[in-house]
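Here the sequence shown is numbered in the numbering used here, starting from 1 and rising by one per residue.
Glycine included, C-beta positions come from ideal geometry on N, C-alpha and C.
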Amino acid sequence: MENISVPYNIPSIPGEDNQYWHIPLGVGVVIPPWNFPLAILTGMTVAAVVTGNTVVLKPASVTPIIGAKFMEVMKEAGIPDGVINFLPGPGSEVGDYLVDHPLTRFISFTGSMDVGKRIYERASKVNKGQIWLKRVVAEMGGKDCMIIDDNYSKPYFAAAETVAAAFGFQGQKCSACSRLIIVGDQYDDIVGRIVEKAKTIKVGDTRDASFGMGPVSSAQAFSTIKGYIEIGKGEGKLLTGGTCDDSTGYFIQPTVFGDVSPTARISQEEIFGPVLSISRAKSFDEALDYANGTIYGLTGALLSDSGKNLERARREFHVGNLYLNRKCTGALVGSQPFGGFNMSGTDSKAGAFDYLYLFMQGKSCSERLDSDQFAKYLGIK
1 MENISVPYNI PSIPGEDNQY WHIPLGVGVV IPPWNFPLAI LTGMTVAAVV TGNTVVLKPA
61 SVTPIIGAKF MEVMKEAGIP DGVINFLPGP GSEVGDYLVD HPLTRFISFT GSMDVGKRIY
121 ERASKVNKGQ IWLKRVVAEM GGKDCMIIDD NYSKPYFAAA ETVAAAFGFQ GQKCSACSRL
181 IIVGDQYDDI VGRIVEKAKT IKVGDTRDAS FGMGPVSSAQ AFSTIKGYIE IGKGEGKLLT
241 GGTCDDSTGY FIQPTVFGDV SPTARISQEE IFGPVLSISR AKSFDEALDY ANGTIYGLTG
301 ALLSDSGKNL ERARREFHVG NLYLNRKCTG ALVGSQPFGG FNMSGTDSKA GAFDYLYLFM
361 QGKSCSERLD SDQFAKYLGI K
């Protein structure tokens with residue numbers, strides 16, 4: 001593997017040669033999510049491998065076959081045996097064992113906040129035979145928010161972007177828009193457009209292209225989302241959706257709640273499903289306060305015609321991925337490095353120029369070349 005050098009010069013001392021480079025961490029554990037079972041798995045695993053590490057890959061429990069197919073591709077590509085080691089199994093057993101193992105040097109995880117916190121806590125313990133502090137690279141979801149400013153002049157676009165961000169992938173991605181804050185008098189117009197557009201989404205088997213939304217991932221996800229819909233009925237006004245049908249699959253209609261308090265549970269807790277809560281704000285200041293008022297900080301968006309407010313959002317909208325005048329989903333690797341703040345993770349940015357450094361450690365080396373010159377530099381000769 002080629003050394004990754006830092007983009008700045010090491011200060012030199014007369015008579016010495018100073019170098020700084022990065023070396024691999026060692027053996028790592030990669031625990032990817034089920035919702036992008038190939039794309040995220042590949043990025044996490046390959047990042048660890050190209051930086052010189054070996055990996056134990058534990059795929060998500062509901063998508064192990066895709067992980068196995070990935071292993072076939074890696075073997076065909078010439079990755080030597082033992083570099084990527086495939087170990088499917090339940091997270092509570094296999095995952096805990098791998099995280100706790102004293103020879104594990106780092107853990108790369110993408111998934112829920114609860115599991116991420118569990119991994120972070122377990123990894124912080126120094127077990128018998130362990131000679132390092134484990135590094136955790138974690139992306140742990142979000143409660144992502146879009147703001148529509150009172151001066152925004154494209155309500156049709158605002159509605160389309162909101163619906164796409166809220167209900168794409170059945171809302172089962174960490175960047176999905178689960179909160180919408182509308183500033184000022186446009187509330188009724190924009191909400192009406194969103195509801196109308198959401199009602200046009202057909203839910204069913206998406207192998208038939210006429211269906212725009214498929215089932216959620218599992219019985220557990222279905223039950224959790226259904227539970228939050230029931231909570232939402234007591235916290236806001238159900239404007240559309242709310243229907244759940246598991247007779248032929250885990251199907252949930254796109255669900256929109258209006259007039260929701262920003263402190264309501266459906267405005268604060270990650271649902272990970274096709275549920276959107278909409279809140280009113282009297283001013284842009286209030287909207288920013290609401291947007292920043294959760295424990296998460298992954299993605300966010302502002303749609304505004306005000307250059308001043310767009311610039312304020314750059315500084316004050318505290319998310320790892322901020323989008324201006326577009327939806328809060330659809331990050332492209334390289335163009336939009338991805339990762340969040342606060343309880344959304346460890347501030348890592350997948351696809352950024354510095355992402356690979358998370359799987360490495362810096363080493364410096366100084367060699368004395370000319371003792372006489374160095375002594376002269378010190379003024380002792």
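Quick check: the Cα distance between residue i and residue j, rounded to an integer number of angstroms?
i      : j      : result
Arg368 : Glu16  : 4 Å
Val62  : Ala287 : 38 Å
Ala138 : Ile190 : 36 Å
Tyr156 : Leu303 : 12 Å
Asp259 : Gly236 : 6 Å
Phe353 : Gly334 : 8 Å
Ile278 : Val256 : 8 Å
Pro7   : Pro24  : Model confidence at Pro7 stands at a pLDDT of 43, short of 50, so the residue's coordinates are unreliable and nothing is read from them.
Tyr120 : Tyr97  : 14 Å
Leu332 : Ser371 : 52 Å
Cys145 : Thr224 : 21 Å
Ser364 : His22  : 9 Å
Ala350 : Gly339 : 6 Å
Met213 : Pro37  : 18 Å
Ile181 : Thr45  : 37 Å
Gly330 : Ser108 : 22 Å
Gly89  : Pro64  : 8 Å
Ala48  : Thr54  : 7 Å
Val73  : Ile84  : 12 Å
Asn205 : Ala221 : Note on identity: in this sequence residue 205 is Asp, with Asn being the wrong assignment. Their Cα atoms are separated by approximately 17 Å.
Ile10  : Val216 : 52 Å
Gly234 : Asp188 : 21 Å
Ser247 : Thr200 : 22 Å
Thr110 : Gly232 : 27 Å
Which term fits residue i, buried or exposed, when burial requires 16 or more other beta carbons within 10 angstroms of its beta carbon?
i      : result
Val126 : exposed
Val203 : buried
Ser218 : exposed
Thr299 : buried
Cys174 : buried
Ala394 : Since the first residue shown for the chain is 1 and the last is 381, residue 394 is missing from the structure and cannot be characterised.
Gln170 : buried
Leu103 : exposed
Ser12  : exposed
Ser5   : Caution applies to Ser5, whose pLDDT of 47 falls short of 50 and renders its modelled position unreliable; the model cannot decide the point.
Gln19  : exposed
Gly52  : buried
Ser366 : exposed
Pro274 : buried
Arg193 : buried
Lys75  : exposed
Ile147 : buried
Thr294 : buried
Ala68  : exposed
Ala375 : exposed
Arg315 : exposed
Leu358 : buried
Asp149 : buried
Counting along the chain, where does the beta strand (DSSP E) carrying residue i start and finish?
i      : result
Met360 : Met360 to Arg368
Thr224 : Run containing Thr224: none in the beta strand (DSSP E); it sits in the alpha helix (DSSP H), Ala219 to Lys233.
Asp17  : Glu16 to Pro24
Ala281 : Val275 to Ala281
Leu322 : Asn321 to Leu324
Gly28  : Val27 to Ile31
Ala176 : Where Ala176 is concerned, there is no enclosing beta strand (DSSP E), given that its DSSP letter is neither H nor E.
Ala301 : Thr299 to Leu303
Ala138 : Arg135 to Glu139
Val56  : Thr54 to Leu57
Hey, residue i and residue j are a contact pair by Cβ (cut 8 Å); roughly how many whole angstroms apart?
i      : j      : result
Pro254 : Phe167 : 5 Å
Lys58  : Leu87  : 5 Å
Asp305 : Tyr152 : 6 Å
Lys241 : Ala198 : According to the sequence as given, residue 241 is Gly; it is not Lys. Right, the Cβ-Cβ distance comes to about 7 Å (below 8 Å), so this counts as a contact.
Tyr296 : Ser344 : 5 Å
Which residues bound the alpha helix (DSSP H) around residue i?
i      : result
Ala39  : Ala39 to Val50
Leu310 : Gly307 to Glu316
Glu383 : For the chain, the structure presents residues 1 to 381; residue 383 sits outside this window and is missing.
Phe167 : Pro155 to Phe167
Ser267 : Arg265 to Gln268
Asp189 : Tyr187 to Lys199
Phe70  : Pro64 to Ala77
Met113 : Met113 to Ala123
Using a Cβ cut-off of 8 Å (strictly closer), state whether residue i contacts chain D.
i      : result
Ser366 : The structure shown contains no chain D, having only a single protein chain.
### Message
For the pair the segment 155 to 164 and the segment 126 to 137, tell me if three or more CB-CB distances fall below 8 Å.
### Response
no
### Query
Should the segment 224 to 233 be regarded as contacting the segment 262 to 270, the criterion being three or more beta carbon pairs within less than 8 Å?
yes
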